[in-house]
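**Q** Mind having a look at this structure? Questions to follow.
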Amino acid sequence: MAKGGGTKAAKLIRSSLYTLANIRVKPSYKKSEARIEEISGYPRVILVNQPATLPDQDSSPPLFCTNYVSTTKYTLFNFLPIALFEQFNRVANFYFLVAAGLTFTDYAPFDWPSQVVPLALVVGFSLAKELYEDLQRHWQDMTANCQKAAVHSPSGDFEQKQWREVCVGDIVKVKKDEFFPADLLLLQSSYEDGISYVETMNLDGETNLKVKRALQDLNFSVPVDDDKATHFQDFRPTIRCENPNSNLYTFTGNLEYDGNIYPLDPAQLLLRDSKLRNTEYVYGVVVFTGNDTKVMQNTTQSPSKRSKIELQMDKIIYLLFGLLIFISIVSASGFAYFVRNLVPLWWYLIPEVPGEDFDINNFLISGLRHLVTALMLYGYLVPISLYVSIEAVKILQARFINNDLQLYDDVTGVPANARTSNLNEQLGQVDTILSDKTGTLTCNQMDFLKCSIAGCPYGKRLSEVELAAAKQINAQLESEAESADGSLTDTASLEAITITDDGNSNNNKKGAIKGFSFQDDRLQKGNWTKEPNADVILLFFRILAVCHTAIPEVSEKTGELTYEAESPDEGAFLVAAREFGFQFIKRTQNSVVVLERLSKDQEPVEKEYTILTLLDFTSKRKRMSVILRDETGQLLMFCKGADTIIFDRLASDGKMYLESTTKNLNDYGEAGLRTLALAYKKLSESEYSEWHEKFHNAKISSGSNREELMEDLSDVMERGLTLVGATAVEDKLQSGVPECIDRLALAGLKIWVLTGDKMETAINIGFSCSLLRQGMKQICIVVSAEMLAEAAKDVIKENILSQITTGLDSIKNKKEPHAAFALIIDGKTLTYALEDDMKFKFLNLAVNCASVICCRVSPKQKALVVRLVKEGTRRTTLGIGDGANDVGMIKEADIGIGISGVEGMQAVMASDFSIAQFRFLERLLIVHGHWCYKRISKMICYFFYKNITLALTLFYFEAETGFSGQMHYDDWYMLLYNVFLTSCPVLALGVLEKDICAEFCLQFPALYQQGPKNLFFDWYRIIGWLANGVYASFVIYLVNLRIFSPESFRKEGQTADMYVIGTAMFTSIIWVVNVQIFLVSHYLTRVQLHTIWGSIVVWYLIVYIYGMMPVQWSAGNIYHQLPEVLGPAYKFYLSTVFVTILCNMPYLIHISYQRCYNPEDHHILQEMKNMKKDVTDRKMWKREQVKATQETEIGLSARVDAKMRLMKGRTTRKYSSLAPNSS
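The following block contains the structure:
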């Protein structure tokens, strides 16, 4: 289609092939005739090709932002201040920062390393992680900013510059299949009439090409495809236009050049991140750069995302801080009491220097000083290493996600990528998925699959939806037949469901043709001539071959004929026409040539159809028509469009096939296919001449009602049609999408679709992926274009509110128990529905519907819908998309998933996780999300448990010793407890723990609901763990104290001092907490066993080695403690065993009782797996599988259930009708 591409199509004047009414260029006029506001009314002034000069030399140069785009969080200069602020903004870290500072004072009960070293390790690890992740974003930004663009230089050449160096006012050359580096004003294209084609998939998700047209009458020389464009050397106009804004579909301004003013509109604007297609090259002037571009204006600020578990963890830390302050106050009060009443009697405790340690004359000051000491001493209640341990675990979890071969796409070679590890557990708590359509659910490929001609259905091959549903119905019938004894579900009593091999076997797919999956010998190989309505079939094929706006291209390299169409549907129709023997081969300015084969024995014959008028397709018209003259001189109008639109325009004698065609269309819709109706009309010369004169006058008029006149005249012509048939095209879903959506629905997740496509397209995809089905009531909230244009805002909102209220009433008053509702709303209506006074009413309707489809929505609207769902439901949202138009939605959602598709990497760069295909979302959520949620929940609860167990023993000892501030544990023991002695088992728990295997997670999807319901991190379970820690600390302290004091603990008669009791208690703590983690683990690997028992062994090695060090390196009372003091004493081992059993017995009793009498879902599955019920008792296994699904109204399962209810109803009626006869 382009010059140099080996095609003749490039010489065509495109404006003659298309009506282009929607991008009609406004006429230019003299600057002297312009009004003042037309010259000075626009705030943005751009000097093209003259960035250094100004119209007014006294004014300062205009300041425009650079074309550099950054998605990083930090810069080189603000990293440390911001990162440190964020770290110490956490209340726990700030507390330990203050405590670390106080260790250098006399108030500290221990030496400074015990606080400073852990804090440095924790904060340092977090800073390193933040730096690494931000560097990753920086390198991705550099990849985008360093792309090359051809920029015009003063010498007339085009120099290669990086995107970030492009400035406002530069003239840029963009070649075919390149992205636009900034928002450009189109000046000239490789076509003589300035037409160019742009793919805006990254912006609005639409796959059809947009037609753009350069300014006319600028009198540029004929463009030459090289690196020189000397005609721009003296081209120095001034552009006055609107300021940057987020609206993708508006642009106003003027271009002043050579004494003329040229009005500007969106038809000339080429947006950044859209791609030039089917045009060899264009020249454009940069009007918006960097953050001023439309795509960046549509981006939203990246919110700081934190998982719900982490937010709830903060509440637990606040609770522990409350407990810390409480026991510190108790300790300070007790100390003040002792100072006032008892210390004067204990003369040996009075300090030699008054006031050195405490002042016996001022017990209040002594109490306040001790309060500071107590706050530091009991600080172990708050686990300092919790944050760093969680971050380490999440990084390792992310590595497992990245390395999962089940998430690796063999076709593209793209693995899953956890781009941030902060939200791993949030994957297991998702309630609502908000998905893009194009490129996310679909793969942008249309296949001609079925058709209805003269009321007769053709096409034997099943759609993907039909195949999946039929297989599932058969499986369900077999399952019910196995489980039922003489019940109604006996397969012999039900209608047989067969999946025919015609058209769906592997043999037939070997020679697959892209865009054509039709299989029916009645129409193929010329056999259509033997059909009873061969004349109607001939007309059907000719409509496919002629009624379109495509251009044929012949490649010089391969000689193959391809079609450049505005939409993939048209391309599929032309491929189908070619395969049926009607090949579109040529288009001239006024004609279309088709190579027709009327029988399989006849040679193809070229037939030329003269194109007189083309009425193009728009989202408002929902149809297109072409008026032509065939070789016999007959005037015909071919029309194709939405079935409802075509059916309303049929003549009374043109409805011969209406009833049967309608039935076929319903079947196609149930199969998830996109349908169009085809019709025609014969015209007389006088009728056409009279109409064409009126239409031409309306077309060249400049009045404000020009569009309305043309629409009215088009409507007049497109009436009195005769129905020919209908097409059914399959919008190819990505592999596994229906099954994935079904599994997610069975897991209890809600799925919304937010797309920039037309409503009809979105509805068709809804049927394809089983979000919609026949029998589901569609609630369409739509405001007519006339009302939007003419009515006041209050009237429009009242109309929308009325529709919402009606929809809610329909749901509340539904009569059928299995009735399901779907909400469908378009972008213009959504603008009003999202306003503050209406948005929660809209949300109330949406959450009561089984599925929600929002179509024709802008990127910003996608983000606003996500925000509404997130804030209105207080549930976890997940946004998933693959293009730049999905970035706002991905950032706004609690979890953003980017798909590494064909629409660039913008979505991936903005996402939290990236996958190659939508189908991988199933495993990412149901398997990894479930695992991560359970692991992190159990890990955090255990962390608080082990810290309470340690910290409260300090409080008990304080109470026993008059709240003196003295510790009975060595400082190094306290330092190593969280950092080393108990860290490895908890890391292994957080990384490797599994309640059930991945296969079971997928087979029992309802188990996923443990996450959204937060069953494993609710306050009941948290308080239970905290209480367990209180109990364990009390038992450890009391039992050890009674065993070692006051009696002697060795045969020689020695009594235990403070450090002996401290070491014995610490040994009991190490055993208790490690045995506890052993008991809570469901999936014990070698790594976990080694870390658990290794921690215990390491503790004994530390006590031994530390005690063998010289006295100046260790505390004197620790010297040779294990081999000489504790080692020989049997009470030391007795206390350890007795305390360990006593502390873990309550949990053991609780879990045993629960598994026997009140088991949770995963307990049952674990027992079934251990007993191998999946092999030995398949009937029980399938029955449990049926139970382990959430009741759903969407997905293949809902479609199958509806089908099964229908079949059973038919069977019941059949037996009921036979019952009287049998008697």
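Position 717 of the sequence shown, counting from 1, maps to 716 under numbering that gives the first Met the number 0, and the rest follow consecutively. Ideal Cβ positions, reconstructed from N, Cα and C, are used throughout, including at glycine.
Does the beta-carbon of glycine 671 have 16 or more other beta-carbons within 10 angstroms, so that it is buried, or is it exposed?
**A** Buried, by the Cβ-count rule.
**Q** Please name the residue, chosen from Ile803, Val1059, Val122, that lies closest to glycine 1106 on a Cα-to-Cα basis.
**A** Closest option to glycine 1106, Cα to Cα, is Val1059.
**Q** I need the DSSP call for asparagine 340, collapsed to helix, strand or coil.
**A** Three-state DSSP puts asparagine 340 in a helix.
**Q** If I follow the unbroken alpha helix (DSSP H) through alanine 91, where does it start and stop?
**A** Counting along the chain, the alpha helix (DSSP H) containing alanine 91 begins and ends at 90-101.
**Q** My output table needs one value for tyrosine 248: the three-state DSSP class, helix, strand or coil.
**A** The answer is coil: DSSP assigns tyrosine 248 none of H, G, I, E or B.
**Q** Quick check: the Cα distance between asparagine 421 and leucine 62, rounded to an integer number of angstroms?
**A** Taking the straight line from one Cα to the other gives about 39 Å.
**Q** Is the stretch 659-671 touching the stretch 766-775 in the sense that three or more CB pairs, one from each, lie closer than 8 Å?
**A** Touching, yes, given that three or more Cβ pairs across the two stretches are closer than 8 Å.
**Q** Compute the Euclidean distance between the alpha carbons of threonine 180 and phenylalanine 942, then round it to the nearest angstrom.
**A** The question names threonine, yet the displayed sequence has proline at residue 180. Approximately 51 Å between the Cα atoms of the pair.
**Q** Glutamine 518: buried (16+ other C-beta within 10 angstroms of its C-beta) or exposed?
**A** The residue in question, glutamine 518, is buried, as its Cβ has 16 or more Cβ neighbours within 10 Å.
**Q** When DSSP labels each residue in this structure, what does valine 553 get in the three-state scheme?
**A** Strand.
**Q** What is the DSSP secondary structure of arginine 368, counted as helix, strand or coil?
**A** Correct three-state label for arginine 368: helix.
**Q** Between serine 189 and threonine 278, which are expected to be in contact by the criterion C-beta below 8 Å, what is the C-beta distance as a whole number of angstroms?
**A** Yes, they are in contact, since the Cβ atoms of serine 189 and threonine 278 sit about 6 Å apart, within 8 Å.
**Q** Quick one: Cα of lysine 1181 to Cα of aspartate 1160, how far?
**A** Their backbone Cα atoms lie some 15 Å apart in a straight line.
**Q** Identify the continuous alpha helix (DSSP H) that holds aspartate 793 and give its terminal residues.
**A** Residues 792-811.
**Q** Is the stretch 1061-1079 in contact with the stretch 975-987, if contact means three or more CB pairs nearer than 8 Å?
**A** Contact holds: three or more Cβ-Cβ distances are below 8 Å.
**Q** Hey, how far is the Cα of aspartate 489 from the Cα of lysine 1178?
**A** Because the pLDDT at aspartate 489 is just 41, under 50, the model does not fix this residue reliably, and the value given afterwards should be weighed accordingly. Rounded to whole angstroms, aspartate 489 to lysine 1178 spans 16 Å at the Cα level.
**Q** Can you grab the Cα-Cα spacing for the pair isoleucine 328 / alanine 958, in whole Å?
**A** If you take the alpha carbons of isoleucine 328 and alanine 958, they lie about 12 Å apart.
**Q** Let me confirm a value: glutamine 114 is counted as buried when at least 16 other C-beta atoms fall within 10 Å, else exposed. Which label applies?
**A** That one is buried.
**Q** What residue does the beta strand (DSSP E) around cysteine 1155 start on, and which one ends it?
**A** Per DSSP, cysteine 1155 belongs to no beta strand (DSSP E); it is in the alpha helix (DSSP H), 1129-1156.
**Q** Return the chain-ordered list of same chain residues with a C-beta closer than 6 Å to the C-beta of alanine 892, the five sequence neighbours on each side being excluded.
**A** So the list reads Val865, Thr876, Leu877, Gly878, once near-sequence residues are dropped.
**Q** Who are the near neighbours of leucine 440 in its chain, counting only those whose CB is closer than 7 Å to its CB and skipping five residues on each side?
**A** Excluding sequence neighbours, leucine 440 sits near Ser434, Leu732, Gln733, Val736, Ile764, Cys768, Phe917.
**Q** Which same chain residues, not among the five before or five after asparagine 362, have their C-beta less than 6 Å away from its C-beta?
**A** The sequence shown places phenylalanine at residue 362, not asparagine. For phenylalanine 362, where only same-chain residues beyond five positions count, the Cβ hits under 6 Å are Ala335, Val338, Arg339.
**Q** Going by C-alpha to C-alpha distance, which of Val281, Leu217, Gly640 sits closest to asparagine 259?
**A** That would be Leu217, whose Cα lies nearest to the Cα of asparagine 259.
**Q** Can the beta-carbon of phenylalanine 1048 be found closer than 8 Å to that of lysine 1130?
**A** Cβ atoms of phenylalanine 1048 and lysine 1130: closer than 8 Å.
**Q** So for tryptophan 751, helix, strand or coil by DSSP?
**A** Tryptophan 751 falls in the strand class under three-state DSSP.
**Q** Rounded to a whole number of angstroms, what is the C-alpha to C-alpha distance between lysine 680 and aspartate 272?
**A** Their backbone Cα atoms lie some 43 Å apart in a straight line.
**Q** Just curious, the beta strand (DSSP E) that histidine 230 is in, first and last residue?
**A** Histidine 230 -> no beta strand (DSSP E), and no H or E assigned at all.
**Q** For aspartate 291 versus cysteine 64, is the C-beta distance shorter than 8 Å?
**A** Their beta carbons are under 8 Å apart, which means aspartate 291 touches cysteine 64 by this criterion.
**Q** Thinking leucine 712 and tryptophan 690 are a contact (beta carbons under 8 Å), I'd like their distance in whole angstroms, please.
**A** Correct: roughly 7 Å between the Cβ atoms.
**Q** Going by other Cβ atoms of all chains shown within 10 Å of its Cβ, with 16 needed for buried, is leucine 1147 buried or exposed?
**A** Exposed.
**Q** Quick one: grab the DSSP three-state call for threonine 612.
**A** Reduced to three states, the DSSP call for threonine 612 is strand.
**Q** Can you tell me which residues form a DSSP beta bridge with histidine 151?
**A** BP columns for histidine 151 point to Phe157.
**Q** For the stretch 249-258 against the stretch 303-311, do three or more pairs of beta-carbon atoms, one drawn from each stretch, fall closer than 8 Å, so that the two count as touching?
**A** Counting Cβ pairs under 8 Å, fewer than three are found: no touch.
**Q** Assuming threonine 419 and aspartate 911 are in contact, meaning their beta carbons sit under 8 Å apart, how far apart are those beta carbons, in whole angstroms?
**A** With a Cβ gap of about 5 Å, threonine 419 and aspartate 911 count as contacting.
**Q** So is leucine 75 buried or exposed if we call it buried at 16+ other beta carbons inside 10 Å?
**A** By the 10 Å Cβ count, leucine 75 comes out exposed.
**Q** Consult DSSP for lysine 304 and reduce its assignment to one of helix, strand or coil.
**A** Coil, per DSSP.
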